[in-house]
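Okay, so the sequence shown: first residue is 260 according to our numbering, each after it adds one. Using N, Cα and C, we set each Cβ at its ideal position, and we do this for glycine too. No experiment lies behind these values; they were computed from the predicted model shown.
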Amino acid sequence: MRCARLTLCLAIAGAAVLLPAPRLFAAGSDSSLASPAAVTPAKAKATVTMITLDEPPREKPGQLDWLTGSSKHPTLRQIVEAIDDVADDDQSPGLLIRVRDAQLTGSQIEEIGSAMKRVREAGKHVHLFAENFGMHEVKLGSYAEGVFGQTGGGVSVSGVYMEEMYLADTLAWAGVKADMVQVGPYKGANEQMTRSAPSPEWSENIDQLLDTLYAAARRPILDGRHMTNERLDSAMSESWLADMDDAVKLGLIDRAVDLPDLTSALSDAYGKDVELDDIDVGEEGQLDPATMNPFAIMSIFKKAPETSPKGPALAIVHVDGAIIDGDSTEGGFMSEASVGSRTIRNALEDIAADDKFKGVLLRINSPGGSANASEVMWQGLKRLAAKKPVWVSVGDMAASGGYYIASAGDKIFVDPSSIVGSIGVVGGKYSMKGLYDTLKVHITSRSRGPKAGMFASDQPWTPDELASVRAKMTQTFELFKSRVAAGRPNTDLSKTAGGWLFAGQKAIDMGLADEIGGESEALDALAAAVNLPDDYEVFEFPAPRPLSEVIEDAMQGFGGASSPLPASGLSQGAIQSIRTLVGDDAWRQLAPSLQGLLQLRKDPVLLMSPQVVIIK
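#1: Output the boundary residues of the alpha helix (DSSP H) element that contains Leu640.
#2: Could you tell me the boundaries of the beta strand (DSSP E) in which Gly405 lies?
#3: I'd like the ranges of any beta strand (DSSP E) spanning at least 3 consecutive residues and lying wholly in the segment 647–722.
#4: So, under 8 Å CB-CB, Ile480 and Leu468 are touching, yes? Tell me the CB distance rounded to an integer number of Å.
#5: Rounded to a whole number of angstroms, what is the C-alpha to C-alpha distance between Asp470 and Asp537?
#6: With which residues is Thr588 paired in a DSSP beta bridge?
#7: Given Asp669, which residues of its chain have a CB within under 7 Å of its CB, disregarding the five upstream and five downstream residues?
#8: Thinking Glu778 and Glu370 are a contact (beta carbons under 8 Å), I'd like their distance in whole angstroms, please.
#9: Ile671 and Phe800: beta carbons closer than 8 Å?
#10: Within the segment 486–517, note down every full alpha helix (DSSP H) run reaching 4 residues or more, in order along the chain.
#11: So for His386, helix, strand or coil by DSSP?
#12: Express the C-alpha separation of Ser629 and Leu312 in angstroms, rounding to a whole number.
#13: Can the beta-carbon of Ile582 be found closer than 8 Å to that of Gly660?
#14: Between the alpha carbons of Ser351 and Arg317, how many angstroms are there, rounded?
#15: Could you check what DSSP says for Met732 in three-state terms: helix, strand or coil?
#16: Which runs of the alpha helix (DSSP H) at least 4 residues long sit entirely within the segment 411–487? Give them in chain order.
#17: Looking at C-alpha atoms only, which residue of His386, Gly599, Val789 is the closest neighbour of Leu521?
#18: Between the Cα of Glu724 and those of Pro709, Gln734, Thr733, spot the shortest distance and give me the residue it belongs to.
#19: Provide the residue span of the alpha helix (DSSP H) that contains Leu755, from first to last.
#20: Apart from the five residues on each side of it in sequence, which residues of its chain come closer than 6 Å, Cβ to Cβ, to Ile623?
#21: Would you mind sorting Gly570 into buried or exposed? The rule is 16 or more other CB atoms within 10 Å of its CB.
#22: Can you find the residues in the same chain that come closer than 6 Å, C-beta to C-beta, to Gly585, ignoring five residues on each side of it along the sequence?
#23: Can you give me the Cβ contacts of Arg359 inside the same chain, cut-off strictly under 8 Å, excluding the 5 residues immediately before and after it?
#24: DSSP state of Gly763, grouped into three classes?
#25: Round the Cβ separation of Val307 and Val533 to the nearest angstrom and send it over; I've been treating them as touching at under 8 Å.
#26: Just to check my reading of the structure: Met486 and Gly447 have Cβ atoms closer than 8 Å, yes? What is that Cβ distance to the nearest angstrom?
#27: According to DSSP, which residues form a beta bridge with Arg622?
#28: Going by the CB atoms, is the gap between Leu472 and Met452 shorter than 8 Å?
#29: What is the DSSP secondary structure of Arg747, counted as helix, strand or coil?
#30: Hey, Ile512 and Val406 are a contact pair by Cβ (cut 8 Å); roughly how many whole angstroms apart?
#31: Out of Ala341, Ala786, Asp793, which one is the CA nearest neighbour of Ala574?
#32: I'd like the list of long-range same chain contacts for Ala762, defined as Cβ closer than 7 Å, with 5 residues on each side in sequence excluded.
#33: Would you call the CB atoms of Leu354 and Lys383 closer than 8 Å?
#34: Does the distance from the C-beta atom of Val442 to that of Val684 stay below 8 Å?
#35: What did DSSP end up calling Gly365 once you bin it into helix, strand or coil?
#36: What are the start and end residues of the beta strand (DSSP E) that includes Ala381?
Shown next, in the form of structure tokens:
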């Protein structure tokens with residue numbers, strides 16, 4: 260267990276660093292109004308740590324978090340460490356998790372839930388409170404000893420739901436042809452554009468994946484709420500738009516409580532009055548510009564983040580988003596980040612050159628992307644692995660190109676809901692001739708060279724061109740399989756290649772992963788393997804950049820020189836409309852895949868897994 264976590268501090272002459280004071284809510288007070296408790300200490304009170312989850316956790320720190328040593332938007336690791344701090348704190352009797360529109364994914368719930376379990380194993384109380392409950396909230400609550408629901412709130416535990424939209428007929432009606440080919444019968448990445456219904460192979464693939472994800476969603480509830488399968492089936496059937504009293508009767512929660520009475524309800528478990536210490540995860544300190552002189556403000560622009568440890572340390576390398584060639588972007592298609600091969604290679608080289616980094620954890624949350632970029636990253640990881648251990652932790656997904664690079668690691672950790680695999684290749688382009696004719700758009704093409712016009716937008720591929728693309732895709736597929744075979748010698752590629760997707764324990768059974776565990780468990784195991792002391796440091800890569808560089812890039816983007824939005828072909832208004840249409844949960848999973856598919860305009864061969872699964 261890590262006894263210390265890295266805090267990047269900023270020392271600026273004349274600057275003051277303010278630490279926010281904890282907010283205490285006493286029994287009987289209205290904690291929703293954040294009323295401070297009396298200064299005079301109460302007798303025999305239990306001060307319970309409260310952590311509020313009110314937004315999706317980020318995978319990695321923000322670009323400027325190093326500047327203040329704090330984060331307005333906490334990462335998943337910061338949340339897990341804050342929970343682990345409760346387990347390690349002899350003065351803390353327990354923990355309350357408040358869930359408020361957090362929009363957590365299945366793997367995030369499992370990693371937060373594992374930390375909650377560690378608090379209970381330390382002999383402390385753990386409770387959860389939420390205004391409304393879906394399957395994710397009920398699943399997270401199953402890791403707690405007691406679950407409270409807001410009086411008047413609702414519960415709706417439906418299960419796993421997936422919609423697939425097949426656009427071949429729509430594209431044909433619009434005069435557009437998706438001229439696409441895939442290698443791997445179970446891949447399915449091109450079917451939504453080329454078919455009117457799924458192929459039998461894709462249906463077989465996605466159905467077994469949904470079975471695994473559904474089981475992963477149910478298992479903690481069955482164990483934590485002490486239910487049989489039959490009782491949970493009945494509770495799910497009857498809980499659609501149920502109220503909190505019904506949820507109590509169904510065994511999904513323990514008690515309906517109005518928020519101002521929450522501390523009184525907790526007092527029953529603690530056997531004494533309770534006050535809540537509402538901590539802001541990640542906000543360990545902040546700079547107050549009002550206390551800074553002009554010279555201190557100017558010095559910020561000269562500051563650079565600390566990227567080299569003082570003693571033995573571990574490095575986390577984040578691969579978060581669609582994989583692209585070149586540099587990573589903080590906001591690509593619909594403001595979703597992309598991870599660039601050049602950025603990752605530079606980070607890997609920096610880590611390799613620093614002997615104080617004793618091991619590396621590659622944290623992947625990616626549906627894949629560019630085949631070339633995936634190979635470039637794989638090469639860099641293998642070079643690094645020759646010098647120091649490289650382990651892998653998978654968040655929501657390491658599919659296709661994401662799994663390509665995961666196979667370079669020495670050991671792969673997955674959560675029960677982590678999706679891996681999709682070993683296959685898809686490529687193609689869109690022929691717009693029919694649409695151009697309808698719109699009375701006339702194209703005059705000019706080319707020099709035998710294949711200069713291969714990506715003409717007004718013509719499908721000729722048989723020779725199609726054969727060239729298929730040959731390249733087959734070559735990439737064989738290379739992909741060889742990379743997996745080298746890194747995962749115990750997997751049977753005849754059963755795992757071809758586009759199959761597997762999750763959690765099934766991925767381990769198929770030889771695509773090694774162990775169930777989240778980022779925190781992987782870090783601790785890696786630290787133990789390389790004999791690091793308990794107070795080892797952790798540095799996260801790609802490393803943050805100096806403020807001056809961030810501002811320079813922002814100004815260029817504002818002027819249009821480097822803004823990623825025009826490349827997507829969509830206006831900000833169109834982006835927001837689509838996001839509103841599909842909802843935030845679906846959007847967070849859909850956007851990276853859509854961004855990858857748009858790469859077909861410049862990269863004919865992709866390693867992508869574009870499907871979206873929503874747990875209601």
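So, from the data block:
#1: Stepping through the sequence shown from its first residue, residue 640 is reached at position 381. Per DSSP, Leu640 belongs to the alpha helix (DSSP H) from 630–644.
#2: Sequence index remark: in the sequence shown, residue 405 carries index 146 (1-based). Here the beta strand (DSSP E) through Gly405 covers 405–409.
#3: 649–658, 670–673, 678–680, 684–690
#4: Residue numbering aside, residue 480 sits at position 221 when the sequence shown is read from its first letter. Residue numbering aside, residue 468 sits at position 209 when the sequence shown is read from its first letter. The distance from the Cβ of Ile480 to that of Leu468 is about 20 Å, inconsistent with a contact at the 8 Å cut-off.
#5: Here the question's residue 470 lines up with position 211 in the sequence shown. Here the question's residue 537 lines up with position 278 in the sequence shown. So the alpha carbons of these two residues sit roughly 38 Å apart.
#6: Within the sequence shown, numbered from 1, the residue matching residue 588 stands at position 329. Answer is Ser597.
#7: Position 410 of the sequence shown, counted from the start, is the residue given in the question as residue 669. Only residues of its own chain outside the window of five on either side were considered, and among them Ala644, Pro648, Val649, Trp650 have a CB closer than 7 Å to the CB of Asp669, listed in chain order.
#8: The residue labelled residue 778 in the question sits at position 519 within the sequence shown. The residue labelled residue 370 in the question sits at position 111 within the sequence shown. That pair is a contact at about 6 Å.
#9: The sequence position of residue 671 within the sequence shown is 412, counting from 1. The sequence position of residue 800 within the sequence shown is 541, counting from 1. In this structure, Phe800 does not lie closer than 8 Å to Ile671 by Cβ.
#10: 488–497, 503–509
#11: Numbered from 1 along the sequence shown, position 127 holds the residue referred to as residue 386. Three-state DSSP puts His386 in a strand.
#12: For the purposes of this step, residue 312 is identified with residue 53 of the sequence shown, where counting begins at 1. For the purposes of this step, residue 629 is identified with residue 370 of the sequence shown, where counting begins at 1. Distance between the alpha carbons of Leu312 and Ser629 is about 34 Å.
#13: In the sequence shown, residue 582 corresponds to position 323, counting from 1. In the sequence shown, residue 660 corresponds to position 401, counting from 1. A contact, by the Cβ cut-off of 8 Å.
#14: Position 92 of the sequence shown, counted from the first residue, corresponds to residue 351. Position 58 of the sequence shown, counted from the first residue, corresponds to residue 317. Roughly 26 Å between the two C-alpha positions.
#15: The residue you call residue 732 lines up with position 473 of the sequence shown. Helix.
#16: 427–433, 450–453, 459–483
#17: Here residue 521 refers to the residue found at position 262 when the sequence shown is read from its first residue. Checked all of His386, Gly599, Val789; the closest Cα to Leu521 is His386.
#18: As a first step, residue 724 is located in the sequence shown; it is residue number 465 there, counting from the start. Cα-wise, what sits closest to Glu724 is Pro709.
#19: Position 496 of the sequence shown, counted from the first residue, corresponds to residue 755. What sits at residue 755 in the sequence shown is Thr, not Leu. Element bounds for Thr755: 752–755.
#20: The count along the sequence shown starts at 1 and reaches residue 623 at position 364. For Ile623, where only same-chain residues beyond five positions count, the Cβ hits under 6 Å are Val578, Val653, Ala657, Gly661, Ala665.
#21: Counted from its first residue, the sequence shown places residue 570 at position 311. The residue is exposed, with fewer than 16 neighbouring Cβ atoms inside 10 Å.
#22: The residue given as residue 585 occupies position 326 in the sequence shown. Result list for Gly585: Gly599, Arg601, in chain order.
#23: On the sequence shown, residue 359 is found 100 positions in, with the first residue counted as 1. Taken in chain order, the residues that qualify are Thr311, Leu312, Asp313, Ala389, Glu390.
#24: As a position in the sequence shown, residue 763 is number 504, starting the count at 1. It is helical.
#25: As a first step, residue 307 is located in the sequence shown; it is residue number 48 there, counting from the start. As a first step, residue 533 is located in the sequence shown; it is residue number 274 there, counting from the start. Right, the Cβ-Cβ distance comes to about 6 Å (below 8 Å), so this counts as a contact.
#26: As a working note, residue 486 is residue 227 in the sequence shown. As a working note, residue 447 is residue 188 in the sequence shown. Contact doesn't hold; Cβ gap of about 34 Å is too wide.
#27: Taking the first residue of the sequence shown as position 1, residue 622 is located at position 363. Arg622 pairs with His577, Ser652.
#28: Counting from 1 along the sequence shown, the entry for residue 452 is found at position 193. Counting from 1 along the sequence shown, the entry for residue 472 is found at position 213. Not closer than 8 Å, so no.
#29: Counting from 1 along the sequence shown, the entry for residue 747 is found at position 488. Collapsing the DSSP output to three states places Arg747 in coil.
#30: Position 253 of the sequence shown, counted from the first residue, corresponds to residue 512. Position 147 of the sequence shown, counted from the first residue, corresponds to residue 406. Ile512 to Val406, Cβ: 4 Å. Contact.
#31: As a working mapping, residue 574 is identified with position 315 in the sequence shown. Of the candidates Ala341, Ala786, Asp793, the one whose C-alpha sits nearest the C-alpha of Ala574 is Ala786.
#32: For the purposes of this step, residue 762 is taken as residue 503 along the sequence shown, with counting starting at 1. Leu468, Thr471, Leu472, Ala475, Ser676, Ser677, Ile678.
#33: Within the sequence shown, numbered from 1, the residue matching residue 354 stands at position 95. Within the sequence shown, numbered from 1, the residue matching residue 383 stands at position 124. Yes; because the gap between Cβ atoms is below 8 Å, this pair is in contact.
#34: Within the sequence shown, numbered from 1, the residue matching residue 442 stands at position 183. Within the sequence shown, numbered from 1, the residue matching residue 684 stands at position 425. Their beta carbons are under 8 Å apart, which means Val442 touches Val684 by this criterion.
#35: For the purposes of this step, residue 365 is taken as residue 106 along the sequence shown, with counting starting at 1. Residue state, collapsed to three classes: helix.
#36: Looking up residue 381 in the sequence shown gives position 122. Taken as a continuous stretch (DSSP letters only), Ala381 belongs to no beta strand (DSSP E), as it is neither H nor E.
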